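Quick note: the sequence shown uses my numbering, first residue 306, plus one each step.
Some notes on the structure that comes next.
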Amino acid sequence: MKTFKELGINKSLVKGLNEMNIITPTPIQELVIPMLLNFETDLVGQAQTGTGKTAAFGLPLLQKVDPTNPKVQALILSPTRELGQQIAKQLFKFTKYSEQVYVEAVFGGQYIDIQIDKLKRPTQIIVATPGRLIDLVNRKAVDLTNVHTVVMDEADEMLSMGFKKELDEILGMLKNVRAKWLFSATMPTGIKQIVNTHLSPDAKKLEVSKDVVNKKIEHLYVVCDDPDKLHVLLQFLKSEHKNRGLIFCKTKKATILLAQQLEAKNVSSGAIHGDLLQKERDKVMRAFKKENIRMLVATDIAARGIDVADLSFVVHYEMPDKEEYYTHRSGRTARAGKEGVSICLVNSKELKSVRYFEKALGISFRQVRAMK
306 MKTFKELGIN
316 KSLVKGLNEM
326 NIITPTPIQE
336 LVIPMLLNFE
346 TDLVGQAQTG
356 TGKTAAFGLP
366 LLQKVDPTNP
376 KVQALILSPT
386 RELGQQIAKQ
396 LFKFTKYSEQ
406 VYVEAVFGGQ
416 YIDIQIDKLK
426 RPTQIIVATP
436 GRLIDLVNRK
446 AVDLTNVHTV
456 VMDEADEMLS
466 MGFKKELDEI
476 LGMLKNVRAK
486 WLFSATMPTG
496 IKQIVNTHLS
506 PDAKKLEVSK
516 DVVNKKIEHL
526 YVVCDDPDKL
536 HVLLQFLKSE
546 HKNRGLIFCK
556 TKKATILLAQ
566 QLEAKNVSSG
576 AIHGDLLQKE
586 RDKVMRAFKK
596 ENIRMLVATD
606 IAARGIDVAD
616 LSFVVHYEMP
626 DKEEYYTHRS
636 GRTARAGKEG
646 VSICLVNSKE
656 LKSVRYFEKA
666 LGISFRQVRA
676 MK
């Protein structure tokens, strides 16, 4: 197994990684970093949440940017505000012992004038949601003419959130780009169209498919009828003492109801879903990160980009429809080399989902009995 130094990462960045306890490269980092450092190439990388994509593209990007040039040289596109902020924060931490590279995150839900003022300072890397970036370009607050590298992170999520037109528009603006790096958990038709339209026919294609699910996650399931799920969940939470985690439901209605039911049972909880106003979402996320609430109940899309340290478990109160959703959900725990639990509460009908995910993702589930 190689070290980051052997992959070509410079000493000052390695020092920052060591301080963050990021010592051993993940499979996607081993594959991607040498390629991105040594070649001016377009890249399509297929990998799930929790596999270390931010460092895989972020470290080579930081080494390619010229810190003495105040112009915007790299662009990272993200589907959500939270993921964008998370990426910017990670890049900042990586450079603790390096020459300062200035990274600015821009997104909807914040006054655009505040972001325009921030962009007047030297900025080498912009992390942006597609809609807000176009607004800033139209206002001439961002100059993309010096951008040599563009990264599309969670590209399938950008498509599912309706950003196809914006992605086409942004990629069409970038006339001087030498490298386009696209990362996606899945490769639906829309992603293939973007690859065929905007990336070089010689683009490198890498897939970390056999190891998409973090090996440090223990996968459990409990069989119970729907009316018993709340009781089973409460017993599980009791067994976890003060440990914190995420609970997933499929709909806005289910997340709101479950958060209310948990609150009624003295389990401090908050719900996030797609219909929340940004300031409401920020309020819930702030409370969760400050540990003022123990449980976060979320829908799949709303949970994208959440990165909260030391989550001990993920609960699937309702099973997801797709394997990539299961991987994204379970990838919220066991971060940064730690261990975690992913537990499914399934009725007899949902049991087939457990069997399907076992086969599709190459993982083993262990059945546990519900406590009385």
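Ideal placement from N, C-alpha and C gives every residue a C-beta, glycine not left out.
Predicted model, so just to flag it, every value in this text is computed and none were measured.
Going by the DSSP bridge assignment, what does residue i pair with across the sheet?
i	result
ARG671	LEU525
ALA360	In the DSSP output, where bridge partners are listed per residue, ALA360 has none listed.
HIS621	PHE553, CYS649
VAL715	This structure gives no information on residue 715, because the portion of the chain shown stretches from 306 to 677.
MET600	GLY550, SER574
GLN334	In DSSP, GLN334 forms no bridge with anything.
ILE381	VAL432, VAL456
For residue i and residue j, I'd like the C-alpha separation in whole angstroms.
i	j	result
MET657	LYS369	Sequence inspection shows Lys at residue 657; the Met mentioned does not correspond to that position. Approximately 47 Å, taken between the alpha carbons.
LEU479	HIS503	10 Å
ASP516	ARG444	Only weak support is given to the placement of ASP516: the predicted model assigns it a pLDDT of 47, under 50, and the value that follows is read from those uncertain coordinates. Looking at the two C-alpha atoms, the distance is approximately 43 Å.
GLU311	PHE670	36 Å
VAL659	GLN420	45 Å
ARG426	GLU523	46 Å
ILE606	PHE553	10 Å
MET600	ILE611	13 Å
THR494	VAL482	24 Å
ASP422	LYS521	43 Å
GLY467	LEU581	17 Å
THR454	THR308	25 Å
ILE327	ARG637	17 Å
GLY363	GLU644	24 Å
GLY357	LYS469	25 Å
PRO330	ASP531	42 Å
GLU545	ASN519	21 Å
ILE417	ASP448	16 Å
LEU342	GLU585	41 Å
VAL319	VAL452	25 Å
ARG640	PRO375	34 Å
ASN597	GLU345	46 Å
PRO332	ASP587	33 Å
Please tell me whether residue i and residue j are closer than 7 Å, where the distance is taken between their beta carbons.
i	j	result
ILE392	VAL337	no
GLU628	PHE662	yes
GLY389	GLY413	no
ALA564	SER573	no
LEU487	VAL349	yes
GLY321	PHE399	yes
SER489	ASP507	no
ALA410	LEU424	no
LEU539	LYS570	yes
ILE577	ALA603	yes
ALA484	ILE430	no
PRO372	GLU324	no
LYS594	VAL613	yes
VAL513	ALA352	yes
SER505	ASP626	no
CYS529	ALA665	no
LYS555	LEU650	no
LEU525	ILE648	yes
Just to confirm, does residue i get its C-beta within under 6 Å of one of the non-hydrogen atoms of the ligand FMN?
i	result
ARG674	In terms of ligand content, the structure shown is empty, and the ligand FMN therefore cannot be addressed.
Looking at the unbroken alpha helix (DSSP H) that takes in residue i, where does it start and where does it end?
i	result
ARG632	With the sequence shown as reference, residue 632 is identified as Thr, and Arg is not the correct amino acid for it. From DSSP, the alpha helix (DSSP H) with THR632 extends over 628-635.
MET457	No alpha helix (DSSP H) holds MET457; the beta strand (DSSP E) holding it covers 454-457.
GLN540	534-544
VAL447	Unbroken run through VAL447: none, as it is neither H nor E.
LYS469	469-478
ALA614	From DSSP, ALA614 is part of no alpha helix (DSSP H); its letter is neither H nor E.
SER403	Taken as a continuous stretch (DSSP letters only), SER403 belongs to no alpha helix (DSSP H), as it is neither H nor E.
ALA592	583-594
ILE417	417-423
VAL500	494-503
GLY321	316-324
GLU663	656-666
PHE309	309-312
Since residue i and residue j are thought to touch, with beta carbons under 8 Å apart, how far apart are those beta carbons, to the nearest angstrom?
i	j	result
THR385	ARG591	No, THR385 and ARG591 are not in contact; Cβ-Cβ is about 16 Å, not under 8 Å.
THR246	GLN395	Nothing in the structure corresponds to residue 246, since the chain is present only between 306 and 677.
VAL456	LEU511	Their Cβ separation, rounded to whole angstroms, is 14 Å, which puts VAL456 and LEU511 out of contact at 8 Å.
SER317	TYR402	4 Å
SER653	GLY550	Contact flag wrong, Cβ pair sits at about 25 Å.
VAL673	VAL527	6 Å
ILE475	ILE439	7 Å
ASP473	ILE381	At roughly 18 Å, the Cβ-Cβ gap does not stay under 8 Å, so ASP473 and ILE381 are not in contact.
MET340	LYS509	6 Å
LYS557	GLY579	7 Å
Could you give the residue range of the beta strand (DSSP E) that holds residue i?
i	result
PHE488	484-489
GLU512	509-512
GLN351	348-351
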